[in-house]
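Here the protein sequences line up with chains A and B, keeping their order.
Be aware that the first sequence starts at 2, since it is given in the working numbering, and climbs by one per residue.
Be aware that the second sequence starts at 26, since it is given in the working numbering, and climbs by one per residue.
Some notes on the structure that comes next.
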Amino acid sequence: MPDLKLAELNRVFLIGRLTKDPEVRQTSNGTPVTNFTIAINRKYKSVSGELKEDTTFVGIVAWQKLAELCKQFLAKGRAVLVEGKMQNRSWETEDGQKRSTLEIRADRIEFLDREPRPAAPAGPPPAGDSPDGQSGGFEAAPDKSDDDLPF
Amino acid sequence: MSEIRVPGLNRVLLAGRLTRDPELRYTPNGSAVCNFSLAVNRRHKDQSGRWQDDTTFINVVAWQAIAENVNKFLHKGSPVLVEGRLESRSWETETGQKRSVIEIRADSVRFLEKGETGPEQAPESD
């Protein structure tokens, strides 16, 4: 039998709440991108049986249409399901130090709050909108520069 | 209809190779903890249609029996499948700067190397 190659597996599923309003900026070639952080709460029992809670903060990045939809429909405190992959991001601080962090590049973000959407009804609903108009979920549009297909 | 509360969903699945030998240590109360770093590869086509490999480096922490098994059976280059959750850790540097890191806390580490001695899957523990 032929040898196997290592599967390409890098998948993350998270549900949490935004810690602040998302902001959208444009890259130098005009691509919209948004960064925000979600807080994920976890309840667990300690060794001594006490009920405890902790919070994990995870940075999310979304591109293109998905970034714009986040800006349009999300705000601090909103709950989202994020599906994506982990990626490194590195940068240099003002004093020249190199830093790097891990963040989630979102492929899909589902908006979990049921309250009516803030004023968006002018024009057709965005692609991917759920039929009941109450909760939304959006997938990243296929991105030619980021094709996952290995063939 | 009953109301839904926000579940704290936090699941990560990764396949990759260890970038260095794992490091095992023990906490003051005797729990085994093992840190290792994974390189997770992805092949994709760039804008000009050429194949590119990009690699994400992810730190993983395993506890107890998983930690012991990782340390015993894995080494730099070993292929593994890791399931776990994201954890963030933050601290203040000596100069008062805030730093934080994200790592994976492993619930399960499967050893993928053929012929690897040792358990096919590290026992799960929490």
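All residues carry an ideal CB built from backbone N, CA and C; glycine is no exception.
For residue 25/A, the enclosing beta strand (DSSP E) stretches over residues 24-27. It is roughly 13 Å from the alpha-carbon of residue 68/A to the alpha-carbon of residue 38/A. Put simply, the backbone Cα of residue 20/A is about 33 Å away from that of residue 89/B. Classified as buried, residue 87/A has 16 or more neighbouring CB atoms from the shown chains inside 10 Å of its CB. The C-beta distance from residue 129/B to residue 83/B rounds to 6 Å, short enough to meet the 8 Å contact threshold. Counting only residues of its own chain and dropping the five nearest sequence neighbours on each side, residue 123/B has a CB closer than 7 Å to the CB of 115 and 117. At a C-beta separation below 7 Å, residue 81/B has these neighbours in chain A: 11, 87, 88 and 89. Per DSSP, the continuous alpha helix (DSSP H) segment holding residue 90/B begins and ends at 89-98. Its chain contains 22 as the residues whose beta carbon lies nearer than 6 Å to that of residue 76/A, once the 5 sequence neighbours on both sides are disregarded; these appear in chain order. Within the DSSP bridge table, the entry for residue 85/A names 13/A and 107/A as partners.
Within the same chain, 113 and 115 come within 6 Å of residue 125/B by CB-CB distance, once the 5 residues on both sides are set aside. Interface with chain A (8 Å Cβ-Cβ cutoff): residue 103/B is excluded. Annotation: the continuous beta strand (DSSP E) that includes residue 106/B extends over 104-117.
Listed along chain B are 35, 111, 112 and 113, each with a C-beta nearer than 7 Å to that of residue 57/A. Contact annotation: the stretch 70-84 of chain A touches the stretch 3-19 of chain A, with at least three C-beta pairs closer than 8 Å. Residue 50/A and residue 44/A have their C-alpha atoms some 12 Å from each other. The distance from the Cβ of residue 70/A to that of residue 139/A is about 5 Å, consistent with a contact at the 8 Å cut-off. Take residue 101/B, set aside five residues on each side of it, and the residues of its chain with a beta-carbon closer than 6 Å to its own are 43, 45 and 46, in chain order. Excluding residues up to 5 positions away in sequence, 17, 18, 20, 56 and 58 lie with their Cβ nearer than 7 Å to the Cβ of residue 40/A in the same chain. Per DSSP, residue 52/A lies in no alpha helix (DSSP H); the unbroken beta strand (DSSP E) holding it starts and ends at 52-64. Residues of chain B with a Cβ closer than 9 Å to the Cβ of residue 43/A are, in chain order, 33, 35 and 110. DSSP places residue 140/B in no beta strand (DSSP E); its state is neither H nor E. Contact between residue 105/B and residue 55/B does not hold, since their C-beta atoms are separated by about 25 Å, which reaches or exceeds 8 Å. The three-state secondary structure of residue 69/A, taken from DSSP, is helix.
Note on geometry: alpha-carbon atoms of residue 133/B and residue 107/B lie some 6 Å from one another. Here residue 94/B is buried. Its C-beta has 16 or more other C-beta atoms within 10 Å. Taken atom to atom, the span from the alpha-carbon of residue 76/B to that of residue 87/B is near 34 Å. Excluding residues up to 5 positions away in sequence, 86 and 87 lie with their Cβ nearer than 8 Å to the Cβ of residue 11/A in the same chain.
Residue 24/A and residue 64/B have their alpha carbons spaced roughly 31 Å apart.
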